[in-house]
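Report on one structure; see the data block that follows.
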Amino acid sequence: MPALAQFPGARFFHEGQRSPMIASMGKRLVAEGCGKYRTGPGPEWTEADQQSYAAWQRKIGFEGADANGIPGKTSWDRLRVPAPPPAAGGRVASPVPGHRVTTAYRVKGPHWSLGYHTGADYAAPNGTPCVAVLAGSLVRSGFDRSFGDFLVLRAGGFDYWYCHLSEQTVKRGSVKAGQKIGEVGSTGNATGPHLHFEKRPAGGGFGTDVSPTW
Ligand SMILES: [Zn+2]
Numbered sequence: 001m002p003a004l005a006q007f008p009g010a011r012f013f014h015e016g017q018r019s020p021m022i023a024s025m026g027k028r029l030v031a032e033g034c035g036k037y038r039t040g041p042g043p044e045w046t047e048a049d050q051q052s053y054a055a056w057q058r059k060i061g062f063e064g065a066d067a068n069g070i071p072g073k074t075s076w077d078r079l080r081v082p083a084p085p086p087a088a089g090g091r092v093a094s095p096v097p098g099h100r101v102t103t104a105y106r107v108k109g110p111h112w113s114l115g116y117h118t119g120a121d122y123a124a125p126n127g128t129p130c131v132a133v134l135a136g137s138l139v140r141s142g143f144d145r146s147f148g149d150f151l152v153l154r155a156g157g158f159d160y161w162y163c164h165l166s167e168q169t170v171k172r173g174s175v176k177a178g179q180k181i182g183e184v185g186s187t188g189n190a191t192g193p194h195l196h197f198e199k200r201p202a203g204g205g206f207g208t209d210v211s212p213t214w
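Residue numbering for the sequence shown follows full-length UniProt numbering, starting at 1 and increasing by one per position.
Rendered as structure tokens:
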């Protein structure tokens, strides 16, 4: 079964927003007989998307302001939008598709053993898919008391650490950019479900972290 696109929040849907997730949503709306498109559906959020989504909301029994065409979590989950495959050669936007950094890299705080945050956190519900940010190789998987169940993706001379996972879908070997490798969890030292995403030079130990970009 293909991975489903997680609800990105109602504020994601505004004029000018472009995402392959919007095209994926539009195809599902058409399949449900709710398409109000003259052309498309395409990746840019338009009035036609809003009208189509409103038709879907009415189809599943929503009325009035609940059928305003702006996606909400309940209607989104029922639509079952497939997570779009990354465009060939395209950049993966987030290690947790549809989710942004919630605690930044290098923030200072006494509860981190080095006095600062060694990675970037992406808060997301338990079970949200985590994907390889680049094509590379999974070189390590295991459990650490702090990092919980983790995976290490090696690509371009760097290691990308995926920590606190609830599931390690792939543990070793080559992976493609955008391929699902695990799921968000709260294993190890975590106060709630999130991905701790950390970048180090290949083989580097704790404390060799660099800014977690890719
Ligand atoms: Zn963290």
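Where is the CB? At the ideal position from N, CA and C, for every residue including glycine. Keep in mind that this is a model prediction, so the values were computed, not measured.
beta-carbon residue i near ligand 1 non-hydrogen atom, thresh 7 Å
i	result
H117	yes
H99	no
D144	no
H111	no
H196	yes
T103	yes
D121	yes
For residue i, the first and last residue of its enclosing beta strand (DSSP E)
i	result
residue 269	Nothing about residue 269 can be reported from this structure: the residues present for the chain run from 1 to 214 only.
E183	180 to 183
G148	148 to 155
S137	136 to 144
Residues near residue i by beta carbon distance below 8 Å, same chain, minus five either side
i	result
V210	F158, K199, R200, P201
residue 215	The structure shown does not extend to residue 215, since the chain is modelled only from 1 through 214, so no value can be given for it.
Y116	R106, V107, K108, G109
Proximal residues to residue i (C-beta, below 7 Å), its chain only, five neighbours per side dropped
i	result
Q168	S141, D149, L151, G182
P43	R18, S19, P20, I22, A23
G40	G26, A48
A55	C34, K36
Sequence-distant residues of its chain with Cβ nearer than 6 Å to residue i (five each side left out)
i	result
H164	G148, G185, S186, T187, G188, A190, H196
K180	A3, P129, V131, T169
V139	V152, R154
According to DSSP, residues forming a beta bridge with residue i
i	result
P129	E183
C163	H196
Q168	G182
G173	L138
P44	The question names Pro, but residue 44 in the sequence shown is Glu. For E44, which the question treats as bridged, DSSP gives the partners R18.
residue 215	There is simply no residue 215 to check, as the chain begins at 1 and stops at 214 in what is shown.
Cβ-heavy atom distance, residue i to ligand 3, below 7 Å
i	result
A65	This structure lacks ligand 3; the ligands present are ligand 1.
Residue span of the alpha helix (DSSP H) that contains residue i, given as start and end
i	result
G26	20 to 31
Unbroken beta strand (DSSP E) runs of length 3 or more, entirely within the stretch 80 to 123: which are they? 120 to 123
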